[in-house]
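Written below as structure tokens is the structure these notes are about.
Residue numbers (this note's numbering): 316 to 540.
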């Protein structure tokens, strides 16, 4: 049986170590790399060429949603399984529409992770039961109901989404510039562009939008038990 290579991306060290320990006990699955944010996920995906990436949704610097979006644009991308503390509509709709192969809530039992990896490696999708339920509910919703809590449809560039995340995480323009290796003037330009496109002109409003759009999560992470 061919070994399934896995890249783990999770910003909480204790959670990541726990996931690795679980997978080390699984026959036919090998963790070949670990990352702590979306930027590392993109770099390691290109460097290590894993079969599957198991990735947290809410991470600093670059969230799992944006990282998955970029990784899946590669010519022969790995399969992506998203981990999240939430099964909210805002996350489910975007992640599933993006083409990820799995979505697990962190409240899932431990054996589910290995099962999900094997299922995805076989070419099928795997979703936690609560996610499947939300998908079925969303498909039955009327357009008006489905759009009720959805943020306005606005196209932000990848760089603008990066800047937006760092801003709502509380970083000053100088820190954002350093993180993204761009000038402070460029950061301010992107910031103003985001505010203009969204018609939102304060950080509190940007934060509410980022939560609704799935760019950041609103709650503290919890572990797989």
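Even for Gly, the Cβ is constructed at its ideal location relative to N, Cα and C. It should be emphasised that the depicted structure is a prediction, and the values quoted were computed from it without experimental measurement.
- Restricted to the segment 366-415, the beta strand (DSSP E) segments that are unbroken, complete and at least 3 residues in length are 367-371, 394-399, listed in chain order.
- The beta carbon of residue 429 lies closer than 6 Å to those of 341 in the same chain, with the five residues before and after it left out.
- In this structure, residue 370 places its C-beta atom within 8 Å of the C-beta atom of residue 383.
- Looking at the backbone, the Cα of residue 501 and that of residue 387 are separated by about 27 Å.
- Listed in chain order, the non-local C-beta contacts of residue 518 below 8 Å within the same chain comprise 482, 483, local neighbours out to five positions each way being set aside.
- One alpha carbon belongs to residue 451, the other to residue 445, and they sit about 10 Å apart.
- A distance below 8 Å separates the beta carbons of residue 499 and residue 488.
- With 16 or more neighbouring CB atoms inside 10 Å of its own CB, residue 397 falls in the buried class.
- The Cβ neighbour count for residue 410, taken over all protein chains shown within 10 Å, is at least 16; the residue is labelled buried.
- Under the DSSP assignment, residue 322 falls in the beta strand (DSSP E) whose first and last residues are 319-324.
- Within its own chain, the residues whose Cβ lies closer than 8 Å to the Cβ of residue 343, once the five positions on either side in sequence are excluded, are 316, 317, 318, 319, 433, listed in chain order.
- Beyond the five residues adjoining it in sequence on each side, residue 366 comes within less than 8 Å, by CB distance, of 319, 320, 321, 393, 394, 436 in the same chain, given in chain order.
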